[in-house]
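If you read the sequences in order, they're chains A and B.
So the working numbering is basically just the index in the first sequence, starting at one, shifted up by 5.
So the working numbering is basically just the index in the second sequence, starting at one, shifted up by 5.
Number of protein chains: 2
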Amino acid sequence: MPESLQSEPTAEAVDPRILRSRRMLMEALGSLLNRKEFEDISVQEIVDEATLNRATFYLHYPDKNALLQAMTAARFRDLIARRGLSFTDCDGALRAIALGVCDYLAETTGCPSQLAKMPLEGSIIPVVEVVFQEGAAHHPAPPDVDQALLGTTAAWAIFGAARRWLQTPGRVSAEEMAAKIEEMVKPIFLSASH
Amino acid sequence: MPESLQSEPTAEAVDPRILRSRRMLMEALGSLLNRKEFEDISVQEIVDEATLNRATFYLHYPDKNALLQAMTAARFRDLIARRGLSFTDCDGALRAIALGVCDYLAETTGCPSQLAKMPLEGSIIPVVEVVFQEGAAHHPAPPDVDQALLGTTAAWAIFGAARRWLQTPGRVSAEEMAAKIEEMVKPIFLSASH
DNA sequence: ATGCTTAATCGACACTTGTCGATTTATTTT
DNA sequence: AAAATAAATCGACAAGTGTCGATTAAGCAT
């Protein structure tokens, strides 16, 4: 069971109807979120907006939280891709990632909804982890340290910090915050080499 | 609207019926979680187990997720309190916190349910933050660094690392993991002093 | 073009959710 | 002890949820 669109560029062909349905559901939810709170949106409303049947929804997602999560992951992946953030150009990349998370959060919560809730962790953090994963592959050589663990820990730290920043009343600029996050998180990766 | 029991030792008196209802609801949920998945438990089942009316449930929690969160926070707070973990005895405390999180996760997910899901972030992380907060108060002096931000970032990092450890197949001991976490997270606090 | 496979649709189902007003019961105040 | 306050109960409600079997229609293979 494939779980997200627009990954795996050369993967095996996927039925275009599946892509279409998922895309329309995401667009429908995105559109509705401009008008009302996530909690106040029913599956029926989503499929109406998407001009799909309600049963089709459940063919793709177990519930509306899963759709929100998939949509968030897709959008954030998109933002990362647009900025060309791979960890291959290694320095400054950490700050760029942090800035991406801050920007994304600020952007999607500038809407009427205060989306700084839970379902986002499950979608943004894994994307950040993947970026670190790719970066680790391009890195010199992992002696004995668990690169994946470092990536996970850093991803959570970044998200937690960005989330706190977002819900701070008189917050500083995203760029400033990204610099702070970089300072805090960078040593995590250095901790491996004592 | 008070949100949790067993805090504020000398606070204004709370109606004993409120404490009783919330305690019974938490115990009921805890008991049911030994038998079935959280998703498969309805509010009706919870109040049946607690011998309370369903309307009473909604008098205290907006939904069952809120109850799970409150229960988790209470249990984790309890574990922290039992171990006497305040950050006042500053060194080694970070590892002790990490160990507490690992132990708690391993303990509550040893049950049939794989509770390493989302609602836990919302309950464990804040508790860890509070511990850091108290520790910061007993600390020398915050020059210009945002102690709260450091605490939040560290709390998320700890939880993320512990969570990953938990769902690792051939995982190392909790003590070993706590040591690793300490190593990774400690520099976060030192990052402030360049 | 024809059939095979699988996604999308439809209507219906039992169940859960969250809320309400009205009543009863427990606790605190005076 | 009696009155005032607030929590717990009850029944009922409209709405939403997740699932099902049966049908239609779109995409893919040969």
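From the three backbone atoms N, C-alpha and C, an ideal C-beta is built for every residue, glycine too.
Legend entry - Neighbour flag for Ile102 (chain A) against chain B, beta carbons, 8 Å: no
Legend entry - C-beta neighbour in chain B for Leu99 (chain A), strict 8 Å: no
Legend entry - Near-chain B residues of the segment 161-183 of chain A (beta-carbon distance less than 7 Å), N- to C-terminal order: Trp161, Ala162, Phe164, Gly165, Ala166 and Arg169
Legend entry - Cβ neighbour criterion (16 or more within 10 Å) applied to Ile102 (chain B): buried
Legend entry - Which of helix, strand or coil DSSP assigns to Ser128 (chain B): helix
Inset, instruction - Leaving aside the five residues before and after Leu154 (chain B) along the sequence, list all residues of the same chain whose C-beta is less than 7 Å from its C-beta, in chain order. - result: none
Inset, instruction - Taking a Cβ distance cut-off of 8 Å, strictly less, list which residues of the segment 67-85 of chain A are near chain B, in chain order. - result: none
Inset, instruction - Tell me, please, whether the CB atom of Leu155 (chain A) is closer than 8 Å to any CB atom in chain B? - result: yes
Inset, instruction - Would you give the residue range spanned by the alpha helix (DSSP H) that Ser198 (chain A) belongs to? - result: Neither: Ser198 (chain A) is in no alpha helix (DSSP H) and is coded neither H nor E.
Legend entry - Residues that Thr158 (chain A) contacts on chain B, provided the C-beta gap is smaller than 7 Å: Ala162, Gly165, Ala166 and Met189
Inset, instruction - Determine the DSSP secondary structure at Lys41 (chain A), reduced to helix, strand or coil. - result: coil
Legend entry - Proximal residues of chain B, C-beta to C-beta of Ile193 (chain A) below 8 Å: Ala162, Met189, Val190, Pro192 and Ile193
Legend entry - Presumed contact (8 Å Cβ cut-off) between Tyr66 (chain B) and Leu72 (chain B), rounded CB distance: 5 Å
Inset, instruction - Apply the 10 Å Cβ neighbour rule to Val190 (chain B) and answer buried if 16 or more other Cβ atoms are within range, or exposed otherwise. - result: buried
Inset, instruction - Run down chain B in chain order and give the residues with a C-beta less than 7 Å from the C-beta of Ser196 (chain A). - result: Glu188, Met189 and Pro192
Inset, instruction - Say whether chain B places a C-beta atom closer than 8 Å to the C-beta of Glu32 (chain A). - result: no
Legend entry - Any chain A beta carbon closer than 8 Å to Val19 (chain B): no
Legend entry - Run of the alpha helix (DSSP H) containing Leu171 (chain A), from where it starts to where it stops: Gln152 to Leu171
Legend entry - DSSP-derived helix/strand/coil call for Ala121 (chain B): Note that Ala121 (chain B) scores a pLDDT of 44, beneath 50, so its modelled location is shaky; the value from the coordinates is reported in the next line. Residue state, collapsed to three classes: coil.
Legend entry - Beta-carbon proximity check, Gly156 (chain B) vs Trp161 (chain A), cutoff 8 Å: no
Legend entry - Candidates A:Lys41, A:Leu90, A:Ser26 and A:Gly35: closest to Tyr63 (chain A) by CA position: A:Ser26
Inset, instruction - For chain B, find out if any of its Cβ atoms is closer than 8 Å to the Cβ of Ser118 (chain A); answer yes or no. - result: With a pLDDT of only 49 at Ser118 (chain A), under 50, the local geometry of the prediction cannot be trusted, and the value read off the model is given with reservation. It does not; no Cβ of chain B falls within 8 Å.
Legend entry - Assigned exposure category for Pro117 (chain A) - 16 Cβ within 10 Å defines buried: With a pLDDT of 48 at Pro117 (chain A), under the threshold of 50, the modelled position of that residue is not reliable, and no figure is offered here.
Inset, instruction - Please report how far the alpha carbon of Thr158 (chain A) lies from the alpha carbon of Trp170 (chain B), in whole angstroms. - result: 11 Å
Inset, instruction - Note down the Cα distance separating Tyr109 (chain A) from Leu84 (chain A), rounded to an integer number of angstroms. - result: 8 Å
Inset, instruction - Can you tell me which of B:Glu181, B:Val106 and B:Arg22 puts its alpha carbon nearest to the alpha carbon of Thr77 (chain B)? - result: B:Val106
Inset, instruction - Determine the contact status of Glu187 (chain A) and Leu99 (chain A), defining contact as a CB-CB distance below 8 Å. - result: yes
Inset, instruction - Starting from the C-beta of Ala33 (chain B), find all residues in its chain whose C-beta is less than 7 Å away, skip the five residues before and the five after it, and write them out in chain order. - result: Ile51, Glu54 and Ala55
Legend entry - Buried or exposed by the 16-neighbour rule on C-beta atoms within 10 Å, applied to Gly140 (chain A): buried
Inset, instruction - Give the DSSP-derived three-state secondary structure of Ile186 (chain B) in the structure shown. - result: helix
Inset, instruction - Excluding the 5 residues preceding and the 5 following Lys69 (chain A) in the sequence, name in chain order all residues of the same chain whose CB lies nearer than 6 Å to its CB. - result: Val48
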